[in-house]
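Student: Sending over a structure as structure tokens; questions will come in a sec.
2 protein chains.
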Amino acid sequence: MPQGKPDTVPDDGLTTRERRRQPVLAVHTGQGKGKSTAAFGMALRAWSAGWPIVVYQFVKSPKWKVGEEAALRALGRTGEGGAVTWHKMGEGWSWIQRPGTERDHAAEAAEGWAQVKRDLAAEAYRFYVLDEFTYPMKWGWVDVADVVAALRDRPGSQHVVVTGREAHPDLVAAADLVTDMTKVKHPMDAGRKGQQGIEW
Amino acid sequence: MPQGKPDTVPDDGLTTRERRRQPVLAVHTGQGKGKSTAAFGMALRAWSAGWPIVVYQFVKSPKWKVGEEAALRALGRTGEGGAVTWHKMGEGWSWIQRPGTERDHAAEAAEGWAQVKRDLAAEAYRFYVLDEFTYPMKWGWVDVADVVAALRDRPGSQHVVVTGREAHPDLVAAADLVTDMTKVKHPMDAGRKGQQGIEW
Chain A
3 MPQGKPDTVP DDGLTTRERR RQPVLAVHTG QGKGKSTAAF GMALRAWSAG WPIVVYQFVK
63 SPKWKVGEEA ALRALGRTGE GGAVTWHKMG EGWSWIQRPG TERDHAAEAA EGWAQVKRDL
123 AAEAYRFYVL DEFTYPMKWG WVDVADVVAA LRDRPGSQHV VVTGREAHPD LVAAADLVTD
183 MTKVKHPMDA GRKGQQGIEW
Chain B
3 MPQGKPDTVP DDGLTTRERR RQPVLAVHTG QGKGKSTAAF GMALRAWSAG WPIVVYQFVK
63 SPKWKVGEEA ALRALGRTGE GGAVTWHKMG EGWSWIQRPG TERDHAAEAA EGWAQVKRDL
123 AAEAYRFYVL DEFTYPMKWG WVDVADVVAA LRDRPGSQHV VVTGREAHPD LVAAADLVTD
183 MTKVKHPMDA GRKGQQGIEW
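These protein sequences, in sequence, are chains A and B. In the working numbering, each residue's number is its place in the first sequence (first place is 1) plus 2. In the working numbering, each residue's number is its place in the second sequence (first place is 1) plus 2.
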């Protein structure tokens with residue numbers, strides 16, 4: 003229920019309408035649930051707006067996010083909204099046709115980021131989810147200054163959401179919208195493991 | 003990247019498999035973005051699992067959540083996953099066929115909650131989003147003890163997500179999973195208003 007009242011009006015010569023159309027760089031970080039989930043929820047709006055969407059999953063997972071992937075791909079197939087593209091690291095990025103081989107994760111993350119940069123330069127999509135991209139940044143697999151510069155200086159009207167814990171301070175500084183998902187209570191605290199249909 | 007290691011194992015006589023199938027009561031609260039958005043993201047997984055989904059929007063909004071509604075309804079229509087039902091307060095709940103009339107919001111919230119109770123008792127759905135339901139609870143439009151008891155004692159395997167700021171402590175106490183979406187930075191701080199395709 004935010005009432006949409008800005009605290010200040012910037013002296014940028016833009017009209018409100020122009021400001022509304024400015025692209026957003028968002029970061030979902032913190033120890034709690036909902037970082038990726040909220041990014042995929044934002045993709046629903048982007049789909050509805052007819053925007054081409056791309057998801058880059060930057061961390062190999064035994065469970066991936068199969069439910070979200072199936073749902074967003076199904077939405078893309080309806081043809082009623084934006085097209086949906088989904089790339090996964092760790093099983094081989096989809097633009098490199100050699101899936102399933104065991105590979106070096108650092109090199110693969112760098113390849114993924116290089117493709118994101120090409121996509122941004124080409125304005126290939128309107129809405130990007132760089133899922134768990136904070137980890138390659140943290141682990142030194144990509145250059146933080148290069149990432150921040152490419153995201154900050156991206157052309158056109160491309161919205162980007164980066165998810166993952168411990169977002170780099172330079173990324174936070176460059177972002178327009180930063181939310182920390184803070185864990186208050188989790189079923190695992192009470193000895194419950196991941197819930198089918200909820201966690202995967 | 004949670005590793006799925008519970009801190010303790012409960013002495014409840016259940017197997018891990020049984021615990022994984024226990025239904026979850028989740029609360030997304032806090033001042034930041036992503037409370038509803040993450041709930042709709044969770045609905046993607048529920049849809050993919052083939053679960054019937056229902057959304058109750060408990061606060062009338064000039065913008066509603068048209069993108070999310072359009073996307074989830076489109077998913078429901080694919081027939082590939084779970085069915086999707088969407089109810090809105092303020093334009094007349096969809097089970098009451100008299101939309102568009104100006105009505106008393108407190109009475110309408112109480113009607114909405116009465117329907118949620120009937121749905122839970124009938125096990126009508128597997129995944130519920132009670133969107134912005136913290137406000138009717140806060141404003142005294144529904145009885146907090148009644149809400150907590152009905153949610154806590156719901157039969158079968160029904161997952162419920164409640165969203166909104168300032169969740170009542172009794173709701174937090176009853177929930178399995180509570181995340182506080184904490185605002186770190188928002189475009190409005192820099193004088194930018196809501197972003198088309200991002201905020202609505």
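Note that the Cβ used here is the ideal one computed from N, Cα and C, for glycine as well.
What is the DSSP secondary structure of Gln117(B), reduced to helix, strand or coil?
Tutor: Along the second sequence, read from residue 1 onward, the residue named residue 117(B) stands at position 115. Three-state DSSP puts Gln117(B) in a helix.
Student: Taking Cβ to Cβ, would you say Gly81(A) is nearer than 8 Å to Met183(B)?
Tutor: For this step, residue 81(A) is matched to residue 79 along the first sequence. For this step, residue 183(B) is matched to residue 181 along the second sequence. The answer is no: Cβ separation not under 8 Å.
Student: Quick one: which residues of the stretch 152 to 163 of chain B get their C-beta closer than 7 Å to a C-beta of chain A? List them in chain order.
Tutor: Cβ contacts with chain A: His161.
Student: Within 10 Å of its beta-carbon, does Ile55(A) have 16 or more other beta-carbons around it, so buried, or fewer, so exposed?
Tutor: By one-based count along the first sequence, residue 55(A) stands at place 53. The residue in question, Ile55(A), is buried, as its Cβ has 16 or more Cβ neighbours within 10 Å.
Student: In chain order, which continuous runs of the alpha helix (DSSP H) of length 4 or greater are located wholly inside the stretch 59 to 96 of chain B?
Tutor: The qualifying runs are 68 to 80.
Student: Where does Phe135(B) sit, in a helix, a strand or coil, going by DSSP?
Tutor: As a first step, residue 135(B) must be located in the second sequence, where it is residue number 133. Phe135(B) falls in the coil class under three-state DSSP.
Student: Determine, using beta carbons only, whether Met183(B) comes closer than 8 Å to chain A.
Tutor: If you number the second sequence from 1, residue 183(B) lands on position 181. By this cut-off, Met183(B) is an interface position.
Student: Just by C-beta distance, which residues in the stretch 74 to 103 of chain B are closer than 9 Å to chain A?
Tutor: Residues Leu74, Ala76, Leu77, Arg79, Thr80, Glu82, Gly83.
Student: Label Trp206(B) either buried or exposed according to how many other C-beta atoms from any shown protein chain fall within 10 Å of its C-beta, with 16 as the threshold for buried.
Tutor: The structure shown does not extend to residue 206(B), since chain B is modelled only from 3 to 202, so the question has no answer here.
Student: State the DSSP-derived secondary structure class of His161(A), mapped to helix, strand or coil.
Tutor: The residue you call residue 161(A) lines up with position 159 of the first sequence. Strand.
Student: What three-state label does DSSP hand Asp155(A) in the structure shown?
Tutor: The residue labelled residue 155(A) in the question sits at position 153 within the first sequence. Residue state, collapsed to three classes: coil.
Student: On the criterion of 16 or more Cβ atoms from any shown chain inside 10 Å, does Arg79(A) qualify as buried, or is it exposed?
Tutor: The residue given as residue 79(A) occupies position 77 in the first sequence. With fewer than 16 other Cβ atoms within 10 Å, it is exposed.
Student: Within the continuous beta strand (DSSP E) that includes Val187(B), where are the two ends?
Tutor: Position 185 of the second sequence holds residue 187(B). Sequence check: residue 187(B) is Lys here, not Val. Residues 179 to 187.
Student: What does DSSP give as the partner residue(s) for Tyr130(A) in the beta ladder?
Tutor: Locating residue 130(A) in the first sequence gives position 128, where the first residue counts as 1. In DSSP, Tyr130(A) forms a bridge with Val56(A), Val162(A).
Student: Please name the residue, chosen from Ser38(A), Ala41(A), Ala51(A), Gly92(A), that lies closest to Ser205(A) on a Cα-to-Cα basis.
Tutor: Since the displayed chain A opens at 3 and closes at 202, residue 205(A) lies outside it and no answer follows.
Student: Please report the Cβ distance between Trp49(B) and Leu77(B), rounded to the nearest whole angstrom; I am assuming they are in contact, meaning their Cβ atoms lie under 8 Å.
Tutor: Here residue 49(B) refers to the residue found at position 47 of the second sequence. Here residue 77(B) refers to the residue found at position 75 of the second sequence. Contact holds; Cβ gap of about 5 Å.
Student: Whose C-beta lies closer than 6 Å to the C-beta of Tyr137(A) among residues of the same chain, with five residues either side of it excluded?
Tutor: Taking the first sequence and counting its residues from 1, one reaches residue 137(A) at position 135. Same-chain partners within the cutoff: Val61, Gly166.
Student: State the Cα-Cα distance for the pair Gly158(B) and Leu122(B), rounded to the nearest angstrom.
Tutor: Walking along the second sequence from the start, residue 158(B) turns up at place 156. Walking along the second sequence from the start, residue 122(B) turns up at place 120. Near 9 Å, if we compare the C-alpha coordinates of Leu122(B) and Gly158(B).
Student: Applying a beta-carbon distance threshold of less than 7 Å, which residues of chain B neighbour Leu179(A)?
Tutor: In the first sequence, residue 179(A) corresponds to position 177, counting from 1. Under the 7 Å cutoff, chain B gives Lys35, Lys187, His188, Pro189.
Student: Counting only beta-carbon separations shorter than 8 Å, does Met3(A) have a partner in chain B?
Tutor: Mapped onto the first sequence, residue 3(A) falls at position 1. Low local confidence applies: a pLDDT of 38 at Met3(A) is under 50, so the model's placement there is unreliable, and no value is given.
Student: Measure the CB-CB distance between Pro53(A) and Gln59(A) and report whether it falls below 8 Å.
Tutor: On the first sequence, residue 53(A) is found 51 positions in, with the first residue counted as 1. On the first sequence, residue 59(A) is found 57 positions in, with the first residue counted as 1. It is worth fixing the name first, because residue 53(A) is Trp in this sequence and not Pro. No, the Cβ-Cβ distance between Trp53(A) and Gln59(A) is not below 8 Å.
Student: Once DSSP output is grouped into helix, strand and coil, what is the label at Val29(B)?
Tutor: Translated into positions along the second sequence, residue 29(B) becomes position 27. Strand at Val29(B).
Student: Taking only beta-carbon atoms, is His60(B) less than 8 Å away from chain A?
Tutor: On the second sequence, residue 60(B) is found 58 positions in, with the first residue counted as 1. Strictly speaking, residue 60(B) in this sequence is Phe, with His absent from that position. Chain A contact via Cβ: absent.
Student: Trp49(B) touches chain A at which residues, Cβ-Cβ below 9 Å?
Tutor: By one-based count along the second sequence, residue 49(B) stands at place 47. Correct list: Gly69, Ala72, Ala73, Ala76.
Student: Pull up the distance between the alpha-carbon of Asp133(B) and that of Asp106(A), whole angstroms please.
Tutor: Here the question's residue 133(B) lines up with position 131 in the second sequence. Here the question's residue 106(A) lines up with position 104 in the first sequence. Each residue's alpha carbon lies about 43 Å from the other.
Student: From this set, Val86(A), Ala41(A), Val163(A), Leu153(A), which residue's C-alpha is nearest Lys119(A)'s C-alpha?
Tutor: For this step, residue 119(A) is matched to residue 117 along the first sequence. With distances taken between Cα atoms, Lys119(A) lies closest to Leu153(A).
Student: Are the beta-carbon atoms of Tyr130(B) and His161(B) separated by less than 8 Å?
Tutor: Locating residue 130(B) in the second sequence gives position 128, where the first residue counts as 1. Locating residue 161(B) in the second sequence gives position 159, where the first residue counts as 1. Yes. Within cutoff.
Student: Could you give the distance in angstroms between the alpha-carbon of Trp115(B) and the alpha-carbon of Val150(A)?
Tutor: Counted from its first residue, the second sequence places residue 115(B) at position 113. Counted from its first residue, the first sequence places residue 150(A) at position 148. Rounded to the nearest angstrom, the two C-alpha atoms are 46 Å apart.
Student: Which residues bound the alpha helix (DSSP H) around Asp191(A)?
Tutor: On the first sequence, position 189 is the one that residue 191(A) refers to. Where Asp191(A) is concerned, there is no enclosing alpha helix (DSSP H), given that its DSSP letter is neither H nor E.
Student: So, helix, strand or coil for Lys37(B), using DSSP?
Tutor: Residue mapping note: residue 37(B) aligns to position 35 of the second sequence, counting from 1. Correct three-state label for Lys37(B): helix.
Student: Based on Cα-Cα distance, which residue from Val186(A), Asp172(A), Ala85(A), Asp145(A) lies nearest to Ala176(B)?
Tutor: By 1-based counting over the second sequence, the position of residue 176(B) is 174. Ranking Val186(A), Asp172(A), Ala85(A), Asp145(A) by Cα distance to Ala176(B) puts Val186(A) first.
Student: For Ala109(A) and Gly94(A), I'd like the C-alpha separation in whole angstroms.
Tutor: In the first sequence, residue 109(A) corresponds to position 107, counting from 1. In the first sequence, residue 94(A) corresponds to position 92, counting from 1. Looking at the two C-alpha atoms, the distance is approximately 11 Å.
Student: Hey, Glu113(A) and Trp88(A) are a contact pair by Cβ (cut 8 Å); roughly how many whole angstroms apart?
Tutor: Here residue 113(A) corresponds to residue number 111 of the first sequence, with the count starting at 1. Here residue 88(A) corresponds to residue number 86 of the first sequence, with the count starting at 1. 16 Å between Cβ atoms; not a contact.
Student: Give me, in chain order, the residues of the same chain whose beta-carbon lies closer than 8 Å to that of Ile98(B); leave out the 5 immediate sequence neighbours on both sides.
Tutor: Against the second sequence, residue 98(B) aligns to sequence position 96. These residues qualify, in order along the chain: Glu113.
Student: Out of curiosity, what's the CA-to-CA distance linking His30(B) and Asp148(B)?
Tutor: Numbered from its first residue, the second sequence carries residue 30(B) at position 28. Numbered from its first residue, the second sequence carries residue 148(B) at position 146. Approximately 20 Å, taken between the alpha carbons.
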